[in-house]
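Engineer: I'd like to ask you about the structure that follows.
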Amino acid sequence: MRFNTPLDPKTVPGNIVLLHNGVPVPGRWEPSGADGPSGNVDPSVWLFEPRHPLLHDQPYEIVIKKGVSSQSGVPLEAEIRGAVRSAPALALVSSRPTDKAVEVDLHPEITVEYNQPLIRAEVRVHDVRGRADVWANRVQFTPLEVLLPGETYDVEVEATSLHGEEIKTAFRFTTRDVQDRMWVAVDLEGTHNVTVFKGRKPIKTFDASGGKVTSPTPLGTYYVYNRGYCFYNARLHEGAYYWVQFSGPFLFHSIPFDASGKIMDQEAEKLGEPASHGCVRLSLEDARWFFENVPNGTMIVIYNEH
Numbered sequence: 005m006r007f008n009t010p011l012d013p014k015t016v017p018g019n020i021v022l023l024h025n026g027v028p029v030p031g032r033w034e035p036s037g038a039d040g041p042s043g044n045v046d047p048s049v050w051l052f053e054p055r056h057p058l059l060h061d062q063p064y065e066i067v068i069k070k071g072v073s074s075q076s077g078v079p080l081e082a083e084i085r086g087a088v089r090s091a092p093a094l095a096l097v098s099s100r101p102t103d104k105a106v107e108v109d110l111h112p113e114i115t116v117e118y119n120q121p122l123i124r125a126e127v128r129v130h131d132v133r134g135r136a137d138v139w140a141n142r143v144q145f146t147p148l149e150v151l152l153p154g155e156t157y158d159v160e161v162e163a164t165s166l167h168g169e170e171i172k173t174a175f176r177f178t179t180r181d182v183q184d185r186m187w188v189a190v191d192l193e194g195t196h197n198v199t200v201f202k203g204r205k206p207i208k209t210f211d212a213s214g215g216k217v218t219s220p221t222p223l224g225t226y227y228v229y230n231r232g233y234c235f236y237n238a239r240l241h242e243g244a245y246y247w248v249q250f251s252g253p254f255l256f257h258s259i260p261f262d263a264s265g266k267i268m269d270q271e272a273e274k275l276g277e278p279a280s281h282g283c284v285r286l287s288l289e290d291a292r293w294f295f296e297n298v299p300n301g302t303m304i305v306i307y308n309e310h
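Under this note's numbering, the very last position in the sequence shown is 310; numbers go up by exactly one each time.
This is the structure we're talking about:
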């Protein structure tokens, strides 16, 4: 509670009371900063520390009696009563994936939502590196790598609410099972690269270039559905060989060539960096291998840590 003047601490005990159903709640009132290392006590702000945790979502009443006075000795002229309500219990609202979900994407955004704003959270997913972010009442865990297909993952979350309450949440999910089929992971975090898998086994890894910040490559799961030997974009004054289409205008293809059909050396030097208009670039040799060996229907997983 904040007052318009510092209170005389000797007049506070017994004269500021927290009631529940008319019964005083055991505890003590302390001026702000009394427990702090700096020793900067503010006797105009008073905090109540209950002997036992308050009941959740319950009405309480604060009574300030006329015995309270300021440090200059001016007493309170009339008793003051005010109603407050304790916070509800911290509880899980939802998780994505849900508990025991199956056929989950190989790079899922794992989110957990609670009924109250949070101040911190820790997320552990077995054998998975990742980054956890707290947004109001939601926790989001972003894996820094693709998950294994057909694998069950256990998720553990420890969260603390704005009111200091803690909660532990656990659930599990199973990723999509590709059996021994081919699939492709495109990592656009750090050095861009493309890895071709057969089942759980990586069989090829290529340096690549995804889209620039102003023309990003779309993230998510896609499937190859078309291909061709080459194309030329007159607006951009460049083309590419061995294109493989996975979503609308977005392709895998070689380093661009110029109007004369020559590979552009300055673009080849950018492999591993964001450089394209949204497509995924490969060297000429790697683009040809991809064109000849990755069939239509192949799953493509494109991700970064954002």
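Built from N, CA and C at the ideal position, the CB exists for glycine as well.
These numbers were taken from a predicted model, which means no experiment stands behind them.
Label serine 76 either buried or exposed according to how many other C-beta atoms from any shown protein chain fall within 10 Å of its C-beta, with 16 as the threshold for buried.
Structural biologist: exposed
Engineer: Check aspartate 46 in the structure and name its three-state DSSP category.
Structural biologist: strand
Engineer: In angstroms with no decimal places, state the Cα-to-Cα distance between threonine 115 and threonine 146.
Structural biologist: 9 Å
Engineer: Going by C-alpha to C-alpha distance, which of Val132, Val97 and Thr179 sits closest to glutamate 107?
Structural biologist: Looking at the Cα atoms, Thr179 is the closest of the given residues.
Engineer: Taking only three categories from DSSP, how would you classify proline 278?
Structural biologist: coil
Engineer: Can you check DSSP and say which residues form a bridge with tryptophan 33?
Structural biologist: For tryptophan 33, which the question treats as bridged, DSSP gives the partners Phe52.
Engineer: Buried or exposed, going by whether 16 or more other CB atoms sit within 10 Å of the CB of alanine 291?
Structural biologist: buried
Engineer: With a CB to CB cut of under 6 Å and the five nearest residues on each side skipped, what residues in its chain are close to glycine 282?
Structural biologist: Gly215, Ser219, Thr221 and Phe254
Engineer: In three-state terms, what does DSSP make of leucine 286?
Structural biologist: The DSSP-derived three-state label of leucine 286 is strand.
Engineer: Under a Cβ-count criterion, where at least 16 other Cβ atoms within 10 Å of its own Cβ denotes burial, should isoleucine 207 be classed as buried or exposed?
Structural biologist: exposed
Engineer: Pick helix, strand or coil for aspartate 211, following the three-state DSSP scheme.
Structural biologist: DSSP, read as helix, strand or coil, puts aspartate 211 in strand.
Engineer: What does DSSP give as the partner residue(s) for proline 63 in the beta ladder?
Structural biologist: Paired residue(s): Arg89.
Engineer: What is the DSSP secondary structure of glutamate 126, reduced to helix, strand or coil?
Structural biologist: strand
Engineer: Going by beta carbon distance, what residues of the same chain come within less than 8 Å of histidine 241, once the five residues before and after it are set aside?
Structural biologist: Asp262 and Ala263
Engineer: Taking a contact to mean a Cβ-Cβ separation below 8 Å, would you say isoleucine 306 touches glycine 224 in this structure?
Structural biologist: yes
Engineer: Helix, strand or coil: which one does DSSP assign to glutamate 296?
Structural biologist: helix
Engineer: Among all the DSSP beta bridges, which residues are the ones paired with arginine 142?
Structural biologist: Glu117 and Trp139
Engineer: From Gly26, Arg239, Gly243 and Ala212, pick the residue whose C-alpha is nearest to that of lysine 274; which is it?
Structural biologist: The candidate whose alpha carbon is nearest that of lysine 274 is Ala212.
Engineer: How close, in whole Å, do the beta carbons of valine 88 and tyrosine 64 come, if the pair is a contact with beta carbons under 8 Å?
Structural biologist: 5 Å
Engineer: Within 10 angstroms of its Cβ, does phenylalanine 235 collect 16 or more other Cβ (buried), or is it exposed?
Structural biologist: So phenylalanine 235 counts as exposed.
Engineer: What is the DSSP secondary structure of lysine 14, counted as helix, strand or coil?
Structural biologist: helix
Engineer: Can you name the residues that DSSP bridges to leucine 23?
Structural biologist: Pro28 and Glu65
Engineer: Would threonine 173 and isoleucine 123 be called neighbours here (beta carbons separated by less than 8 Å)?
Structural biologist: no
Engineer: Kindly indicate which three-state DSSP category glutamate 273 falls into: helix, strand or coil?
Structural biologist: The answer is coil: DSSP assigns glutamate 273 none of H, G, I, E or B.
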